[in-house]
Amino acid sequence: MLQHSSQPETALNRIKLIRRSLRCFGLGIAGLIPVLGLPFAVAALVTFIKSARVETDWNPARRYLSMGLFFSIIGMVVSMALGWFILLFVAEDAGWIG
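According to this note's numbering, the sequence shown is numbered sequentially starting from 13.
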């Protein structure tokens with residue numbers, strides 16, 4: 013009887029893991045928007061870390077989780093590079109840089 017009562021909890025944990033993986037993917041996609049997507053990229057990274065802490069080899073949405081991480085990193089790099097170029101352009105236009 014105890015085994016039967018623990019099975020829904022295991023199923024619930026699996027559902028949560030799949031949802032976190034899909035959330036990470038969605039946030040990573042939103043994180044690809046330059047500058048405006050930066051908070052979404054950070055949220056995708058946090059979601060990835062939370063999902064990676066789960067000690068299980070079973071995750072049918074593992075590819076979504078990995079792609080969410082990939083998209084979030086790309087989004088953060090693009091946003092930071094764009095911000096850096098804008099800062100350099102403004103500094104050069106203002107005469108702060110020779």
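Beta carbons: idealized from backbone N, C-alpha and C, even for Gly. Owing to the predicted nature of the structure, the values given are computational and were not obtained by experimental measurement.
{"Asked": "Residue from Ala-42, Gly-107, Ala-106 with nearest C-alpha to Leu-81", "Found": "Ala-42"}
{"Asked": "Contacting residues, own chain, Cβ-Cβ under 8 Å from Tyr-76 (five flanking each side not counted)", "Found": "Ser-33, Leu-34, Cys-36, Phe-37"}
{"Asked": "Straight-line gap, Val-90 to Ile-98 (C-alpha atoms, nearest Å)", "Found": "12 Å"}
{"Asked": "Through-space distance from Arg-31 to Leu-24, alpha-carbon basis", "Found": "11 Å"}
{"Asked": "Thr-22 CB to nearest heavy atom of the ligand GDP below 6 Å", "Found": "Judged by which ligands are present, the structure shown has none, so any question about the ligand GDP falls away."}
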